[in-house]
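> One structure follows; several queries about it will come next.
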Amino acid sequence: MVTKGTMPIPPLSFTTMRTHESDTGARRTAWAVLAVAIAVRVLAAALLPLVPDETYYWEWSRHLAAGYLDHPPAIALVIRLGTALLGPTALGVRLGSVLAGALASVVLVRVAGALGGDRARLRAAAIIACMPLAQLGLALATPDATLLLWWALVLAALAAVARGRDEGRAAIVAWALAGAALGAALCTKYTAFLLAAGVAVALLALRSVHGSRRSAPDIAGPCVAVAAALFVFAPNLIWNAAHGWVSFAYQLAHGLALHRGSPLAHEARLLGGQLGLVSPLLFAVLAIPLWRALRAHRDDARDDRDGDIRFTFATIAALTWLAFVLSALRSAVEPNWQAPAYLSAIVLAATCDGGARPERWRTLVRAACALGVAMTIGIYAHAVTPFVPTNAALDPTLAGFGWDTLAAHVAAAREDAPRGAASWVAGERYQEASELAFQLPDRPVTFAIDVHARASQYDLWPPFPRYARIGERLVLVLGLFTDPEHDPVIAALRPHFGRVALRDVVALRRGAIIRARRRIWVLDGWRGSWPEAGLVR
203 MVTKGTMPIP
213 PLSFTTMRTH
223 ESDTGARRTA
233 WAVLAVAIAV
243 RVLAAALLPL
253 VPDETYYWEW
263 SRHLAAGYLD
273 HPPAIALVIR
283 LGTALLGPTA
293 LGVRLGSVLA
303 GALASVVLVR
313 VAGALGGDRA
323 RLRAAAIIAC
333 MPLAQLGLAL
343 ATPDATLLLW
353 WALVLAALAA
363 VARGRDEGRA
373 AIVAWALAGA
383 ALGAALCTKY
393 TAFLLAAGVA
403 VALLALRSVH
413 GSRRSAPDIA
423 GPCVAVAAAL
433 FVFAPNLIWN
443 AAHGWVSFAY
453 QLAHGLALHR
463 GSPLAHEARL
473 LGGQLGLVSP
483 LLFAVLAIPL
493 WRALRAHRDD
503 ARDDRDGDIR
513 FTFATIAALT
523 WLAFVLSALR
533 SAVEPNWQAP
543 AYLSAIVLAA
553 TCDGGARPER
563 WRTLVRAACA
573 LGVAMTIGIY
583 AHAVTPFVPT
593 NAALDPTLAG
603 FGWDTLAAHV
613 AAAREDAPRG
623 AASWVAGERY
633 QEASELAFQL
643 PDRPVTFAID
653 VHARASQYDL
663 WPPFPRYARI
673 GERLVLVLGL
683 FTDPEHDPVI
693 AALRPHFGRV
703 ALRDVVALRR
713 GAIIRARRRI
723 WVLDGWRGSW
733 PEAGLVR
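Positions 203 to 739 (my numbering) are the ones given, in order, by the sequence shown.
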């Protein structure tokens, strides 16, 4: 790649999809590296207990719908598939996400190979295998793994569009596949709107550079893609329309609402989370080629298909990242939200050959992968045997422990109910309600009842009075945020039951580490009434 005028050749350049050489050894090594990485994820998925968000999504899979308050429906369908095959086990709940993450990795490696050859394929596999975010996040039952699969398929389709631009029918088919994958991504997580925005911005920028010298990007292809995306996304749109657009409103409030805290602190947390989950050196390896790809578009207006697709990939990544940087000015951003931005960045890094300093670039990539492996091993080791001093309440590796003990105490409280009276179960928030639903042997219907918890899908499902009969028991699990005699939930519910008693205080622990405690209340003799709307959910 050259620059205008007498400027020197940039220190980084990219291989081209028309000049790369075949390297069978590199290709085989790439697939071997990827296979090992996927095997590690499967093992982690089978051994680590489910965290509350995962049991919450598992609850969705028992109530299939075209939408939910927090997210579109794909995660529920994916979990339903896994549990249909392996039952309601940790691996069963996570199976679909693990498979989606594995397929996303394969697609991404193939895209890198198509653009940069077998050596690029190997670099992409190594980066994926060594990135803590990929190795940890793709082992969990969250919407992210499935989102990354569809996101990667959109990137693959865009690369196909670039390769087949002069072949009208092939390009239209590629655009249609890109649109269908985008629609599926939107049915997984609304973050996919940023993918659509990134593609649109890139197309407009490319048209402004290339002008009328050629028909690309042709308008027909993108229109076909939009139609395909809307067709696939239509069920969720219909569901939202029928529910007052509650899901869109929730996500906008969740991501953009003004909360307490310093914007500077939010941005520091955002950056710190990325350095921790990506690793500092891998973060640099991904950022540098991305920046170069954006600059190449500005400095070189040649008719270069390779450059166009790299600029498109870079635009998608940069816009996705920028969206969360701006969101962090108002509220805290979770570390996993930026994960889709790294997909196209991985392709750019894998196809970067180092330009005038190839050895220095390869050394940096190797060092970044080594550091990433060390960090991943350290995190997994801490998850198996905690050794890093942390705040137990905030340590994500401890979030799945202790719920089985709590469920055993709740089961005992249900068993000594008056003869013939059903015993229902409720939690303070969706976390307690969903973990108890999963951990209790009969996997009962549970409820989330609180005056302070954020809205959840439980608010859209039938409440306790729709199920219970007069005289029945409610076993309620609450936190320790207030004095038990002045707990606002108990105060609101006490007039509606014949007897209310505190039964147990249970520690959620892993070995000697206690990360939280919960109170188990027994409310006997339901009187058939319920607090006014707004006092409890």
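Ideal Cβ placement from N, Cα and C applies to all residues, glycine included. Predicted, not measured: the structure shown is a model, and the values here were computed from it.
Taking only three categories from DSSP, how would you classify Pro-213?
Here residue 213 refers to the residue found at position 11 when the sequence shown is read from its first residue. Confidence at Pro-213 is low in this model, with a pLDDT of 43, below 50, so its placement is unreliable and the value that follows should be read with caution. The answer is coil: DSSP assigns Pro-213 none of H, G, I, E or B.
> Could you work out which residue in Arg-705, Leu-710, Phe-433, Ala-718 is closest to Asp-726 when comparing CA atoms only?
Within the sequence shown, numbered from 1, the residue matching residue 726 stands at position 524. Comparing Cα positions, the closest option is Arg-705.
> Quick one: is Ala-447 buried, meaning 16 or more other Cβ sit within 10 Å of its Cβ, or exposed?
In the sequence shown, counting from the first residue as 1, residue 447 sits at position 245. Per the sequence shown, residue 447 should be read as Trp rather than Ala. Exposed, since its Cβ has fewer than 16 Cβ neighbours within 10 Å.
> Do Leu-388 and Phe-395 have their CB atoms nearer than 8 Å?
The sequence position of residue 388 within the sequence shown is 186, counting from 1. The sequence position of residue 395 within the sequence shown is 193, counting from 1. Yes, they are a contact pair.
> Can you name the residues that DSSP bridges to Thr-648?
Position 446 of the sequence shown, counted from the start, is the residue given in the question as residue 648. Answer is Val-627, bridged to Thr-648.
> With a threshold of 16 other CB atoms inside 10 Å of the CB of Lys-206, please say whether the residue is buried or exposed.
Locating residue 206 in the sequence shown gives position 4, counting from the first residue. Confidence at Lys-206 is low in this model, with a pLDDT of 39, below 50, so the placement of that residue should be treated as unreliable; the coordinate-derived value is given next. Counting Cβ neighbours within 10 Å, Lys-206 comes out exposed, since fewer than 16 surround it.
> DSSP beta-bridge partners for Ala-709?
Start at 1 with the first residue of the sequence shown, and residue 709 comes out as number 507. BP columns for Ala-709 point to Arg-719.
> For Leu-350, which residues of its own chain have a beta-carbon under 8 Å away from its beta-carbon, when the five flanking residues on both sides are left out?
Locating residue 350 in the sequence shown gives position 148, where the first residue counts as 1. The residues are Ala-302, Gly-303, Ala-306, Leu-340, Ala-541, Pro-542, Leu-545.
> Let me check one thing: in DSSP terms, what residues is Ala-386 bridge-paired to?
The residue given as residue 386 occupies position 184 in the sequence shown. According to DSSP, which records beta bridges pairwise, Ala-386 is partnered with nothing at all.
> Could you pull the DSSP bridge partners for Asp-726 from this structure?
Locating residue 726 in the sequence shown gives position 524, where the first residue counts as 1. Bridge partners of Asp-726: Arg-701.
> By alpha-carbon positions, which one of Pro-345, Leu-252, Ala-286, Ala-358 ends up nearest to Ala-314?
For the purposes of this step, residue 314 is taken as the residue at position 112 of the sequence shown. The residue with the shortest Cα to Cα distance from Ala-314 is Ala-358.
> Within the chosen definition, does the region 233-251 reach the region 618-633 through at least 3 CB pairs nearer than 8 Å?
They do not touch, by the three-pair rule.
> Tell me whether the beta-carbon of Leu-170 lies closer than 8 Å to the beta-carbon of Leu-335.
Absent from the structure is residue 170, since the part of the chain shown begins at 203 and ends at 739.
> Between which two residues does the alpha helix (DSSP H) carrying Leu-279 extend?
One-based indexing of the sequence shown puts residue 279 at position 77. Leu-279 -> alpha helix (DSSP H) spans 276-288.
> Pull up the distance between the alpha-carbon of Phe-603 and that of Thr-257, whole angstroms please.
As a working note, residue 603 is residue 401 in the sequence shown. As a working note, residue 257 is residue 55 in the sequence shown. Their backbone Cα atoms lie some 13 Å apart in a straight line.
> Where does Val-677 sit, in a helix, a strand or coil, going by DSSP?
As a working mapping, residue 677 is identified with position 475 in the sequence shown. Here Val-677 sits in strand by DSSP.
> What does the Cβ neighbour count give for Val-311, buried or exposed, with the cut at 16 atoms within 10 Å?
Taking the first residue of the sequence shown as 1, we reach residue 311 at position 109. Result: buried.
> Give the straight-line distance between the Cα atoms of Leu-528 and Ala-407, rounded to the nearest whole angstrom.
The residue given as residue 528 occupies position 326 in the sequence shown. The residue given as residue 407 occupies position 205 in the sequence shown. Approximately 22 Å, taken between the alpha carbons.
> As a quick exercise: from Ile-490, Ser-658, Gly-673, pick the residue whose alpha carbon is nearest that of Gly-556.
Here residue 556 refers to the residue found at position 354 when the sequence shown is read from its first residue. Nearest C-alpha to Gly-556: Ile-490.
> Go ahead and pull the three-state DSSP assignment for Asp-225.
Here residue 225 refers to the residue found at position 23 of the sequence shown. Three-state result, Asp-225: coil.
> Which of the three DSSP states, helix, strand or coil, is assigned to Phe-435?
If you number the sequence shown from 1, residue 435 lands on position 233. Note: Phe-435 maps to helix in three-state DSSP.
> Can you tell me whether DSSP reads Asp-508 as helix, strand or coil?
As a working mapping, residue 508 is identified with position 306 in the sequence shown. Helix, per DSSP.
> Quick check on the DSSP output: the alpha helix (DSSP H) that includes Val-691 runs from which residue to which?
Counting from 1 along the sequence shown, the entry for residue 691 is found at position 489. Taken as a continuous stretch (DSSP letters only), the alpha helix (DSSP H) holding Val-691 covers 690-695.
> Cβ of Val-428 within 7 Å of any heavy atom in the ligand NAD?
Ligands displayed in this structure: none; no statement on the ligand NAD is therefore possible.
> Just to confirm before moving on: does the CB-CB distance between Pro-516 and Leu-484 stay below 8 Å?
What you label residue 516 is simply residue 314 of the sequence shown in a count that begins at 1. What you label residue 484 is simply residue 282 of the sequence shown in a count that begins at 1. Here residue 516 turns out to be Ala, not Pro, going by the sequence shown. Against a cut-off of 8 Å, the Cβ pair of Leu-484 and Ala-516 comes out as no contact.
> Would Ile-240 be called buried (16 or more neighbouring beta carbons within 10 Å of its own) or exposed?
Along the sequence shown, read from residue 1 onward, the residue named residue 240 stands at position 38. Buried: at least 16 other Cβ atoms inside 10 Å.
> Note down, one range per segment and in chain order, each alpha helix (DSSP H) of at least 4 residues found wholly within the region 442-502.
Runs of the alpha helix (DSSP H) inside the region 442-502: 448-458, 465-480, 482-501.
> With respect to the alpha helix (DSSP H) encompassing Asp-189, which residues constitute its N-terminal and C-terminal limits?
Given that the chain is displayed from residue 203 to residue 739, the structure contains no residue 189 and the question cannot be resolved.
> What separation, rounded to the nearest whole angstrom, lies between the Cα atoms of Ala-398 and Ile-715?
Sequence index remark: in the sequence shown, residue 398 carries index 196 (1-based). Sequence index remark: in the sequence shown, residue 715 carries index 513 (1-based). So the alpha carbons of these two residues sit roughly 45 Å apart.
> May I have the straight-line CA-CA distance separating Val-590 from Ile-511, to the nearest angstrom?
Residue mapping note: residue 590 aligns to position 388 of the sequence shown, counting from 1. Residue mapping note: residue 511 aligns to position 309 of the sequence shown, counting from 1. C-alpha separation (whole angstroms): 43 Å.
> Could you give the first and the last residue of the continuous alpha helix (DSSP H) run that contains Val-575?
Against the sequence shown, residue 575 aligns to sequence position 373. That run of the alpha helix (DSSP H) goes 560-586.
> Roughly how many angstroms lie between the CA atoms of Ala-470 and Val-535, to the nearest whole one?
Position 268 of the sequence shown, counted from the start, is the residue given in the question as residue 470. Position 333 of the sequence shown, counted from the start, is the residue given in the question as residue 535. When rounded, the distance between both Cα atoms is 10 Å.
> Determine the closest residue to Thr-165 out of Ala-709, Trp-539, Ala-383, with distance taken between C-alpha atoms.
Residue 165 is absent from the structure shown; the chain starts at 203 and stops at 739.
> Tell me the rounded alpha-carbon separation between Ala-467 and Arg-282.
Position 265 of the sequence shown, counted from the first residue, corresponds to residue 467. Position 80 of the sequence shown, counted from the first residue, corresponds to residue 282. Cα-Cα distance, rounded: 39 Å.
> Quick check: Ala-552 and Ala-326, are their CB atoms within less than 8 Å of each other?
Position 350 of the sequence shown, counted from the first residue, corresponds to residue 552. Position 124 of the sequence shown, counted from the first residue, corresponds to residue 326. In contact: Ala-552 and Ala-326 (Cβ atoms closer than 8 Å).
> When we look at the beta-carbon of His-698 and count the other beta-carbons within 10 Å, is it buried (16 or more) or exposed?
Reading the sequence shown from its first residue, position 496 is the one you call residue 698. Under this definition His-698 is a buried residue.
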